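First residue of the sequence shown? That's 1 in UniProt numbering, and the numbers climb one at a time after it. Here is the structure we will look at.
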Amino acid sequence: MALILHITSRSHWQKAQQDGVYCADSLEAEGFIHCSTPSQVVATANAYFHGQTGLMLLCLESDRVQSELRYETLHGSEYPHLHGVLNLDAVTQAIDFEPNTDGSFTLPPVVIAQNAQD
């Protein structure tokens, strides 16, 4: 099992819980849901979400993901991309992911602990 992470808004996560599946805008626009490994997620957050509030960090157990999961090269690194909707039972935790006072992000301690167990 590999821990993978996805950044989303609190409102998108709440909608997913009502709908029973999670579907990011990027699935329709690009054909996949962007994810990151624990070592990639902070750089991703700082590059694309700097200063944004109301975010959630979804922790996914790769073995439980039902849609196709591919590691694809983007910006010289292999990123996990989910080619289909995300089944909610693959989400082991949904963590508030707020920026620091300077707008940057750091990895929440609970993710560090969960990743160390894997």
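Note that the Cβ used here is the ideal one computed from N, Cα and C, for glycine as well. These numbers come from a predicted model, not from an experiment.
Coarse secondary structure for residue i, derived from DSSP in three states
i: Gln52; result: coil
i: Thr101; result: coil
i: Pro108; result: coil
i: Gln66; result: coil
i: Ala16; result: helix
i: Ser39; result: coil
i: Ala94; result: strand
Distance between beta carbons of residue j and residue i, contact taken as under 8 Å
i: Pro80; j: Ile4; result: 5 Å
With 16 other Cβ atoms within 10 Å as the buried cut-off, status of residue i
i: Ala43; result: exposed
i: Leu74; result: exposed
i: Val111; result: buried
i: Ser36; result: buried
i: Tyr48; result: exposed
Proximity below 9 Å, CB of residue i to CB of residue j
i: Leu69; j: Ser62; result: yes
i: Leu57; j: Pro108; result: yes
i: Val85; j: Cys23; result: yes
i: Leu60; j: Arg10; result: no
i: Gly20; j: Leu82; result: no
i: Phe97; j: Ala45; result: yes
Just checking, does the segment 93-103 make contact with the segment 25-36 on the three C-beta pairs under 8 Å criterion?
-> No, the segment 93-103 does not touch the segment 25-36.
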